[in-house]
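In the working numbering, the protein residues as written are 344 to 809.
We put the beta carbon where it would ideally sit given N, CA and C, even for glycine.
Inspection log for the structure reproduced underneath, given as structure tokens.
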């Protein structure tokens, strides 16, 4: 453990006075607080290790029990601490970084969760990649790192199986499950559904189409986003669709006041874009919620070189970022339910597949292929929760509704640009610059995050399939 760095973090944290600090000073304070907290968490992990030794000798109870009772943790958190301990025994470099405060406990938990249940030989391969994982942890947000750890583990398992993609999809289908239970304390009903990526994409597409229909109606602007998602999912599962004539909340839901939708949403499901030429209702830049599709569709994304067999890695996933076996993708390209979108090496769209849809729908499909979600560099909000923003505003700059002028932005960052005083510009090669209201630059970089598999952004995912 590096005591100098730890002592400095403690001293800075204890002496800090957040009131009156600037944004950069607050960011610096949070960094030292994280370092100090990590050191404490590492000590707690060592307590777990010693407790496991005592329990094995019959001199103490299980480590989780003492950690929960004496440490004030929940049973789940106590279990996470013991899993950190077990992982760090196999990955000493991770323990050193954790003890020095270089990584937070959440990153260790992400590595441990991905390693959980791996076959012994695969787990050994996974833990041997400690240095690579630590390097990635220093570059990715916790959510992105958690996804990348899971994907790395999945790739190792697939590689150990010999890369039989057909068997992989069949195994995922066989492992699919549904569980329902009632919490007797709260009365809440729970449903847990585990699906393979293809069936999940079908369900996801239906729910998103219904969500878009609901967002196209009047009276939903003040409805919490989570409630809209729930109602859309229930409607999709029940076969109820919000149209001009039948706009209503989900069966049994609270009244979300969408009954006046008839004037604004077209019965053919195109209500979300009825005012596209004027920019009315949804913002004067001409930005719209998710496009309403007549028929839910599934877009599958694949790198051209991988699809053509010119390389053994690349993007092959659903539009939501869930991996699909490449052999399955090649077969699905002939499936009428699947619209393949082929990407070039820089993430540009080479081909959308055949479709009779309108140009506006093709633009959304192209944007979805390039962007997994909100184009702000610090945001993980998915594409379906975004509005399509005109960089040069439609009403102010006569900005065209062309792909070169469009970016997906979540509600929060869309508001920053329109009412928050932030400035967003983009070059023809989709390099965006975000400027704060005071004119300082927050970030400049590419907005395309489909150049590598999900969660890796524009950074190269290690090739473990040699």
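Own chain, CB closer than 8 Å to residue i, minus 5 neighbours either side, in chain order
i, result
"residue 456", "426, 489, 492 and 493"
"residue 397", "403"
"residue 459", "426"
"residue 417", "411"
"residue 777", "719, 720, 765, 766, 767, 784, 785, 786 and 787"
"residue 531", "525"
"residue 364", "372"
Strand pairing of residue i, partner residues [DSSP]
i, result
"residue 522", "535"
"residue 751", "731"
"residue 659", "645"
"residue 767", "777"
"residue 788", "775"
"residue 444", "DSSP output for residue 444 lists no bridge partner at all."
"residue 725", "716"
"residue 666", "660"
C-alpha distance - residue i paired with residue j, whole-angstrom precision
i, j, result
"residue 361", "residue 369", "7 Å"
"residue 582", "residue 733", "34 Å"
"residue 356", "residue 350", "10 Å"
"residue 765", "residue 514", "48 Å"
"residue 395", "residue 413", "15 Å"
"residue 320", "residue 554", "Because the chain here runs from 344 to 809, residue 320 falls outside it and cannot be looked at."
"residue 646", "residue 709", "14 Å"
"residue 724", "residue 401", "49 Å"
"residue 422", "residue 366", "36 Å"
"residue 358", "residue 784", "30 Å"
"residue 495", "residue 469", "8 Å"
"residue 406", "residue 705", "56 Å"
"residue 568", "residue 707", "21 Å"
"residue 540", "residue 667", "7 Å"
"residue 761", "residue 545", "34 Å"
"residue 557", "residue 424", "43 Å"
"residue 547", "residue 392", "42 Å"
"residue 386", "residue 442", "8 Å"
"residue 611", "residue 571", "The pLDDT assigned to residue 611 is 34, lower than 50, so where the model puts this residue is not dependable; a value taken from the coordinates is nonetheless given after this. The straight-line gap from Cα to Cα measures roughly 21 Å."
"residue 378", "residue 755", "29 Å"
"residue 502", "residue 371", "41 Å"
"residue 775", "residue 517", "43 Å"
"residue 382", "residue 399", "26 Å"
"residue 566", "residue 528", "27 Å"
"residue 415", "residue 480", "28 Å"
"residue 763", "residue 563", "23 Å"
Cut-off 7 Å between Cβ atoms - residues of its own chain near residue i, not counting five sequence neighbours on either side
i, result
"residue 474", "436"
"residue 729", "716, 717, 751, 752 and 753"
"residue 550", "575, 576 and 579"
"residue 449", "485"
"residue 773", "789, 790 and 791"
"residue 782", "none"
Nearest neighbour of residue i, chosen from the options [CA to CA]
i, options, result
"residue 461", "504, 481, 422 and 758", "504"
"residue 789", "783, 770, 782 and 778", "770"
"residue 446", "668, 537 and 376", "376"
"residue 779", "792, 758 and 772", "758"
"residue 464", "433, 442 and 390", "433"
"residue 500", "532, 480, 528 and 467", "467"
"residue 476", "569, 391 and 431", "431"
"residue 353", "547, 644, 409 and 444", "444"
"residue 746", "760, 731 and 756", "731"
"residue 484", "722, 558, 661 and 530", "722"
"residue 520", "756, 538, 442 and 385", "538"
"residue 660", "380, 451 and 512", "512"
"residue 452", "364, 363, 384 and 763", "384"
"residue 712", "471, 454 and 644", "644"
"residue 440", "525, 409 and 380", "380"
"residue 428", "420, 438 and 419", "438"
"residue 497", "529, 775, 378 and 454", "454"
Same chain, Cβ closer than 6 Å to residue i, five either side skipped, listed in chain order
i, result
"residue 699", "Its pLDDT being 33, under 50, residue 699 is placed unreliably by the model, and the measurement read from it follows with that caveat. There are no such residues."
"residue 535", "522"
"residue 389", "none"
"residue 409", "394"
"residue 533", "524"
"residue 697", "Annotation note: pLDDT 39 at residue 697 (below 50); position unreliable, no value reported."
"residue 639", "Caution applies to residue 639, whose pLDDT of 47 falls short of 50 and renders its modelled position unreliable; the value that the coordinates give is listed next. Result list for residue 639: 548, 549 and 552, in chain order."
8 Å Cβ cutoff, residue i in contact with chain B
i, result
"residue 556", "No chain B is present in this structure, which holds just one protein chain."
Counting only runs that start and end within the segment 375-407, where is the alpha helix (DSSP H) found for 4 or more residues in a row?
none
Along the chain, which unbroken stretches of the alpha helix (DSSP H) at least 4 residues long are found entirely within the segment 430-485?
435-442, 448-458, 463-470 and 473-480
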